[in-house]
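A quick write-up on the structure given underneath.
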Amino acid sequence: MEFDAVLLNNVIGAVRTVRLPPVRLESDVVDAIKKSLDLVEIPYEQEVVVAPRSRVDLLVEGGIAIEVKKGKPNTRTVARQVERYASGDMVTAVVLVSERGLIHHIVEAHGKPIEYVALSKNWGLST
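Taken in order, the sequence shown gives residues 1 to 127; the numbers are from my numbering.
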């Protein structure tokens, strides 16, 4: 599968439209992202196994994996998880959506781009 930069930008744009109170469950965030993707007619599947021990929250048509993290995730654990996702043949890019920005993050894994969206910025909060 080939990487599509335009699609990746469209996916990130859709995710950035999500506005939720910061006290929601992770599944609420995933549901809001699904609604945003539906509004711009970007097809996706939910809970897709993309590599051994690696199930992403959403896999957008074109191989863009979306993973949502609630609260303050352990950055090393998340980095290992993102590496596993990117190792999957069906994945062309990974979008990590977190409630807050992550201090340490990678920008590429297995030659695939890794993008981050901090929802707190959507809420007008700085992190």
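Don't be surprised by glycine CBs; every beta carbon is placed ideally from N, CA and C.
Residue i, buried or exposed, once every other Cβ within 10 Å from all chains shown has been counted against 16
i	result
V40	exposed
D57	buried
E108	exposed
Close-in-space but distant-in-sequence residues of the same chain around residue i (CB under 7 Å, 5 per side omitted)
i	result
H110	A86, S87
CB contact flag (residue i, residue j, <7 Å)
i	j	result
F3	T92	yes
M90	V117	no
V48	I33	no
G62	L7	yes
Residues of its chain near residue i, where Cβ-Cβ distance is below 6 Å and the 5 sequence neighbours each way are ignored
i	result
V94	A65, V82, Y85, A86, I114
V30	D57, V68
T17	S36
L119	E99
Alpha carbon of residue i to alpha carbon of residue j, nearest angstrom
i	j	result
R19	I106	25 Å
G124	E45	Per-residue confidence for G124 stands at a pLDDT of 44, beneath the threshold of 50, marking its modelled position as unreliable; no derived number is given.
V60	I42	7 Å
K72	V78	11 Å
Residue-chain proximity (residue i, chain D), Cβ-Cβ < 7 Å
i	result
I64	Structure shown: chain D not included; a single protein chain is present.
Report the residue ranges of all alpha helix (DSSP H) runs contained in full by the region 8 to 65; include only those spanning at least 4 residues, in chain order. Along the length of the region 8 to 65, whole alpha helix (DSSP H) runs at least 4 residues long occupy 26 to 39, reported in chain order.
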